[in-house]
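Encoded as structure tokens, the structure appears first; notes follow it.
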Amino acid sequence: MNIVSEKEIHLLAFGMIAEVLNSQERTWPWAMDTDALRADLIHIFPELKDMPFVIAVDMEVNHMNQPIPPGATVALLPPYSGG
Amino acid sequence: MNIVSEKEIHLLAFGMIAEVLNSQERTWPWAMDTDALRADLIHIFPELKDMPFVIAVDMEVNHMNQPIPPGATVALLPPYSGG
Amino acid sequence: MSEKKPKSIFIQGPISGVFVGESIAKHQSKTDIGAHALFLGQVRADVRDGQRVSHIDYSAYEDMALQKVHDIREAAFGQYPLTCMHIYHSLGTVGAGEISLFVFVSSPHRDAAFTALRQIVDQIKSDVPIWGKEVFVDGDATWKVNR
Amino acid sequence: MSEKKPKSIFIQGPISGVFVGESIAKHQSKTDIGAHALFLGQVRADVRDGQRVSHIDYSAYEDMALQKVHDIREAAFGQYPLTCMHIYHSLGTVGAGEISLFVFVSSPHRDAAFTALRQIVDQIKSDVPIWGKEVFVDGDATWKVNR
Numbered sequence: 001m002n003i004v005s006e007k008e009i010h011l012l013a014f015g016m017i018a019e020v021l022n023s024q025e026r027t028w029p030w031a032m033d034t035d036a037l038r039a040d041l042i043h044i045f046p047e048l049k050d051m052p053f054v055i056a057v058d059m060e061v062n063h064m065n066q067p068i069p070p071g072a073t074v075a076l077l078p079p080y081s082g083g
Numbered sequence: 001m002n003i004v005s006e007k008e009i010h011l012l013a014f015g016m017i018a019e020v021l022n023s024q025e026r027t028w029p030w031a032m033d034t035d036a037l038r039a040d041l042i043h044i045f046p047e048l049k050d051m052p053f054v055i056a057v058d059m060e061v062n063h064m065n066q067p068i069p070p071g072a073t074v075a076l077l078p079p080y081s082g083g
Numbered sequence: 001m002s003e004k005k006p007k008s009i010f011i012q013g014p015i016s017g018v019f020v021g022e023s024i025a026k027h028q029s030k031t032d033i034g035a036h037a038l039f040l041g042q043v044r045a046d047v048r049d050g051q052r053v054s055h056i057d058y059s060a061y062e063d064m065a066l067q068k069v070h071d072i073r074e075a076a077f078g079q080y081p082l083t084c085m086h087i088y089h090s091l092g093t094v095g096a097g098e099i100s101l102f103v104f105v106s107s108p109h110r111d112a113a114f115t116a117l118r119q120i121v122d123q124i125k126s127d128v129p130i131w132g133k134e135v136f137v138d139g140d141a142t143w144k145v146n147r
Numbered sequence: 001m002s003e004k005k006p007k008s009i010f011i012q013g014p015i016s017g018v019f020v021g022e023s024i025a026k027h028q029s030k031t032d033i034g035a036h037a038l039f040l041g042q043v044r045a046d047v048r049d050g051q052r053v054s055h056i057d058y059s060a061y062e063d064m065a066l067q068k069v070h071d072i073r074e075a076a077f078g079q080y081p082l083t084c085m086h087i088y089h090s091l092g093t094v095g096a097g098e099i100s101l102f103v104f105v106s107s108p109h110r111d112a113a114f115t116a117l118r119q120i121v122d123q124i125k126s127d128v129p130i131w132g133k134e135v136f137v138d139g140d141a142t143w144k145v146n147r
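Residue numbers (this note's numbering), protein chains in the order written: chain X, 1 to 83; chain E, 1 to 83; chain U, 1 to 147; chain Z, 1 to 147.
What follows is the structure in structure tokens.
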């Protein structure tokens, strides 16, 4: 993982979300919670608006809004399809 | 299978019943139905009285009394324990 | 008795992991299968009255067993959307830790495979005339009882 | 995050019948096992809009997937009397007819193995961050959706 500054997060994306972001792994400006991050992402990548995904903060998924600590690893997870 | 006369049946025994009869396969005097056969068998092999077994006539098991055609193949089946 | 004798399910002695692996590999050409569910029955080294089971000697009323397995197969194919089904049972000696029963069910989706597998294994244990004699390490023996 | 990293479940490319057979054979020394229940997920050559699936490319959020599988394992061991459990999933390319998921549960008696197997497979499909991209024969692709 890259070192991220205090005002950044480590952003991971998977599946069809990674295709929209055109990367699986990048640094991204810190947002205070997952709702704010989602809004920031949709602002830059409008296609995300209509795509289902949940946001994991340090590998924890919470379907409610959850705070993001600066420097966290945040992952954008479309519906799973393993098996 | 051996040829059996009209007044005989072809008697098969399995598992612990075969051990009591000391054979897996023999001819046996015909009996008109499974209840009569069971009585004949217990008369000769009293140990069978306390042993659970069902009687298949030409591979069909009927837990009620069933007729035995002369020359039938009759099998004495203790509780199954495959697997 | 039916005219056509059903295919045998019996294997002399234990069923090997290699045999199971080869059975699985044979299904790669069946590309409508999405789910395989397998059951393997293994002989346990149970201890009864201080005696440990060394092996089980299996015997069967083979003709009737094949008819019963045929009926179990037909019923399951009628109830569930299955692609294929294979059933094998050992005869003769199978040691503790070795496999005596192998049931292999395949279907497009997993629900049918799971449900059919469980039903088939239960019916094999309850309806198919096969007997196991548990032989202990010291040579004594007792007839196995299914739970 | 836990201190200790859980054992990987991932295999690059398809899971072979030989691998499954070898996994089974390794259990011969565990003589308290009476029942093995196995699930294998195989890639189907589904046809969508006239296009046939050639293969699936699997990717995963590996660290989180291993945590989730660890949780699924611990829950099942807590609920059922299981002797052992093995879970493998492919990453990368798995062709139609090849195996991408292998779940192997063993217990003294069959009920626990059947029930745990089904629960574990359902939870792997619903809770573990793995994605499959279905690639068609003509090169087009679509993201797989689990039922």
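We treat Cβ as the ideally placed atom computed from N, Cα and C, and that holds for glycine.
DSSP bridge partner residues for X/Glu25 (one or two, in chain order): X/Leu12
Backbone CA spacing between E/Pro79 and U/Val145 [nearest angstrom]: 8 Å
Among Z/Ser8, Z/His89, Z/Arg110, Z/Ala75, nearest to Z/Gly41 - alpha-carbon criterion: Z/His89
Beta-carbon proximity check, Z/Ala25 vs U/Gly17, cutoff 8 Å: yes
7 Å Cβ shell around E/Pro67 - same chain, five flanking residues per side excluded: Met32, Asp33
Under 9 Å from the C-beta of X/Met16: neighbouring residues of chain Z: Trp131, Lys133, Trp143
Per-residue DSSP class, three states only, for E/Leu17: The sequence shown places Ile at residue 17 of chain E, not Leu. DSSP places E/Ile17 in helix when its eight states are reduced to three.
C-alpha gap between E/Ala13 and Z/Ala60, whole angstroms: 58 Å
Per-residue DSSP class, three states only, for Z/Gly95: strand
Outcome for X/Ser81 when other beta-carbon atoms lying within 10 angstroms are tallied against a minimum of 16: buried
Contacts around Z/Met1, its chain only, beta-carbon distance under 6 Å, and the 5 residues preceding and following it disregarded: Residue confidence for Z/Met1 is low, a pLDDT of 44 falling below 50, so the modelled location carries little weight and cannot support an answer.
Unbroken alpha helix (DSSP H) run spanning U/Ala25, endpoints: 17 to 25
Cβ-based burial, Z/Arg110 [other Cβ within 10 Å; buried from 16]: buried
Residue-level contact to chain U via CB, E/Ala75, 8 Å cutoff: yes
Z/Phe39 beta carbon less than 8 Å from that of Z/Leu91: no
Test item: CB-CB of Z/Arg147 and U/Asp32 under 8 Å: no
Supposed contact pair X/Asn65 and X/Asp40 - C-beta distance, whole angstroms, cut 8 Å: 14 Å between Cβ atoms; not a contact.
Residues near Z/Lys68 by beta carbon distance below 6 Å, same chain, minus five either side: Asp127, Val128
Residue of U/Ala37, U/His36, U/Gly97 minimising C-alpha distance to U/Val53: U/Gly97
Proximity of X/Lys49 and X/Ile55 at Cβ, strictly below 8 Å: no
Where Z/Lys68 falls: helix, strand or coil (DSSP): helix
Short-range partners of chain E found in the segment 57 to 69 of chain U, where Cβ spacing is below 9 Å: Tyr58, Ser59, Ala60, Tyr61, Asp63, Met64, Ala65, Gln67, Lys68
Partners in chain E for U/Gly95, counting only beta-carbon separations shorter than 9 Å: Neighbours of U/Gly95 on chain E: none; closest Cβ ~16 Å, over 9 Å.
Runs of beta strand (DSSP E) wholly within the segment 31 to 64 of chain E (minimum 3 residues, chain order): 54 to 57
Z/Val47 and Z/Phe102 closer than 8 Å at C-beta: no
8 Å Cβ shell around X/Met59 - same chain, five flanking residues per side excluded: Thr73, Ala75
Beta-carbon proximity check, U/Phe104 vs U/Ser29, cutoff 8 Å: no
Neighbour flag for Z/Gly17 against chain U, beta carbons, 8 Å: yes
Uninterrupted alpha helix (DSSP H) stretches inside the segment 92 to 142 of chain U (no shorter than 4 residues): 110 to 127
Pick from X/Glu8, X/Val61, X/Pro46, X/His63 that is closest to X/Val20, judged by C-alpha positions: X/Pro46
7 Å Cβ cut-off: residues of chain Z touching X/Met59: Met1, Asp63, Met64, Gln67
Neighbour-count burial assignment, E/Pro70, 16 or more Cβ in a 10 Å radius: exposed
Cut-off 7 Å between Cβ atoms - residues of its own chain near U/His170, not counting five sequence neighbours on either side: Summary: the structure shown does not reach residue 170 of chain U, with chain U confined to residues 1 through 147, and so no result is reported for it.
CB contact flag (Z/Ile72, Z/Ile124, <8 Å): yes
Inter-residue Cα distance where the pair is Z/Phe136 and X/Asn22: 22 Å
Presumed contact (8 Å Cβ cut-off) between U/Pro81 and U/Ser107, rounded CB distance: 6 Å
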